[in-house]
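Participant:
Numbering (this note's numbering), first residue to last: 8 to 345.
1) Return yes when the Cβ of residue 54 is within less than 8 angstroms of the Cβ of residue 85, no when it is not.
2) Relative to the C-alpha of residue 170, which candidate in 161, 162, 155, 184 has its C-alpha closest?
3) For residue 219 versus residue 231, is the C-beta distance shorter than 8 angstroms?
4) DSSP state of residue 186, grouped into three classes?
5) Using DSSP with H/G/I as helix, E/B as strand and the rest coil, what is residue 41?
6) Run through DSSP, which three-state label would residue 124 get?
7) Give a yes or no on whether the C-beta atoms belonging to residue 311 and residue 320 are separated by under 8 angstroms.
8) Rounded to the nearest angstrom, what separates residue 185 and residue 147 at their Cα positions?
9) Count the other CB atoms within 10 Å of the CB of residue 258; is the residue buried (16 or more) or exposed (fewer)?
10) Counting only runs of 4+ residues fully inside the region 204–287, write out the alpha helix (DSSP H) ranges in chain order.
11) What three-state label does DSSP hand residue 164 in the structure shown?
12) When you compare each of 120, 116, 332 to residue 134 by their alpha carbons, which one comes out closest?
13) Three or more beta-carbon pairs under 8 angstroms between the region 56–76 and the region 94–105, yes or no?
14) Please report the residue range of the alpha helix (DSSP H) in which residue 71 lies.
15) Taking the CB atoms as reference points, tell me whether residue 287 and residue 279 lie closer together than 8 angstroms.
16) Whose C-beta lies closer than 7 angstroms to the C-beta of residue 141 among residues of the same chain, with five residues either side of it excluded?
17) When the Cα of residue 124 is compared with those of 139, 104, 161, which residue comes out closest?
18) Quick check: residue 307 and residue 297, are their CB atoms within less than 8 angstroms of each other?
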C-alpha cells in the first residue's frame, strides 16, 4: 500500500473511535486492514483487538493480541505491552482458559509493582478480583478491589474508579448485600457520567435494574434495563443489549408474563450463540432453564441448564455450576419417578 493510498483506518481514527466507545465501527474498519498492517502499527492493532472483544469476538481478539505481544516486547513499549497482556488475560478468561488468564494478570501485577506503575498494578488487581469473584472467593475479590480502588483514588483515575465500583457492586450483590451493592453501582454511574461514557453507565444500570427486580419492583427494573439496552444498541454492543434483555425478562417473569419473558430470553440466547461471551450464555441459559422448568417444559429445561452448567464451569464459576447440577438432578429424578 503506497503512502498516497489512505488506510481504511488510521491510528488517529482508531483512537477517536475507541474514546467514543464506537466498537462496531472500530472493529468493522479494522477488519479491512491486513494483519501485517496491524502488526506493523501495534497500537492500531491493539485498538482493533479491544474492539473485537467488545463486540463479542473474544477468540479473534486473543489471536490478534497474541500476535501483538512479541512486537510490543521487541519495541520495549511498556504501556503497549501492559495493555496487550491485559487484553490477552481478559480474552483468555472469556475463552474459558481461566488458569492462564490468572497467570497473565499475576504476571502483570508483579511487573507493575516492580516498575512502580500504580495504574497498571491497580488494573491487574481489578482483574484478579473479577476472577476471584467468579470462582466464589468473595472475600479475596473484595481485597483485590479495595487495593485497586485505593490506587485509582490516589491517581484520580475516574475510569478506574467507575470500573472498580462496578465490580465491588457485583461482589456485594453476590454476597447478598443488595443495598451496599446498589451504592457501588450508583457510584459507577456517577463516574461514568463524569467521563460521558455510555458503556460504563449502561453496565451499572443493568445491575441496578436487576436489584430492583429482585426487590419486587419489576416495573422500574424493567424500564431501567430497557434504557440500558438502548444505550448498548447505540454503542453497537449486541452482548450488552442481550444482557439487558435478560434483565427485562426477569422483570416480565416477576409480573407473571412468562411467554414475554421467554421470548426475551430466546432473543438474548440467539445473540449469545453468535458471540464469544460465555458469561452471557451461561446466565441466559440458566434463566431460560428455570423458566422452562416452571412452565413444565422439562426436556427443554434440562437442555438449557446443562448448557449453562458447561458455560459456568468453563469460566471457573464452580459454585454456580454445582447449584445448577443439583437442580438438574432433581429434574432427572422427577422424570424417572413420574
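Note that CB positions come from ideal geometry on N, CA and C, so glycine has one too.
Facilitator: Working from what's here:
1) Translated into positions along the chain shown, residue 85 becomes position 78. Translated into positions along the chain shown, residue 54 becomes position 47. Going by C-beta atoms, residue 85 is not nearer than 8 angstroms to residue 54.
2) The residue given as residue 170 occupies position 163 in the chain shown. Cα-wise, what sits closest to residue 170 is 155.
3) Within the chain shown, residue 219 is the residue found at index 212, counting from 1. Within the chain shown, residue 231 is the residue found at index 224, counting from 1. Yes, they are a contact pair.
4) For the purposes of this step, residue 186 is identified with residue 179 of the chain shown, where counting begins at 1. Correct three-state label for residue 186: helix.
5) Sequence index remark: in the chain shown, residue 41 carries index 34 (1-based). Residue state, collapsed to three classes: coil.
6) Taking the chain shown and counting its residues from 1, the one referred to as residue 124 is at position 117. Residue 124 falls in the coil class under three-state DSSP.
7) Your numbering for residue 311 matches position 304 in the chain shown. Your numbering for residue 320 matches position 313 in the chain shown. Cβ distance not < 8 angstroms, so residue 311 and residue 320 don't count as in contact.
8) Taking the chain shown and counting its residues from 1, the one referred to as residue 185 is at position 178. Taking the chain shown and counting its residues from 1, the one referred to as residue 147 is at position 140. Each residue's Cα considered, the two are about 19 angstroms apart.
9) Taking the first residue of the chain shown as position 1, residue 258 is located at position 251. Residue 258 should be labelled buried.
10) 205–221, 225–242, 245–261, 265–280
11) As a first step, residue 164 is located in the chain shown; it is residue number 157 there, counting from the start. The answer is coil: DSSP assigns residue 164 none of H, G, I, E or B.
12) On the chain shown, residue 134 is found 127 positions in, with the first residue counted as 1. When only C-alpha atoms are compared, the closest one is 116.
13) yes
14) As a working note, residue 71 is residue 64 in the chain shown. First-last of the alpha helix (DSSP H) with residue 71: 65–82.
15) By 1-based counting over the chain shown, the position of residue 287 is 280. By 1-based counting over the chain shown, the position of residue 279 is 272. In contact: residue 287 and residue 279 (Cβ atoms closer than 8 angstroms).
16) Taking the chain shown and counting its residues from 1, one reaches residue 141 at position 134. Contacts found: 322, 323, 324.
17) Walking along the chain shown from the start, residue 124 turns up at place 117. Closest option to residue 124, Cα to Cα, is 161.
18) Indexing the chain shown from 1 puts residue 307 at position 300. Indexing the chain shown from 1 puts residue 297 at position 290. No, these two residues do not count as a Cβ contact at 8 angstroms.
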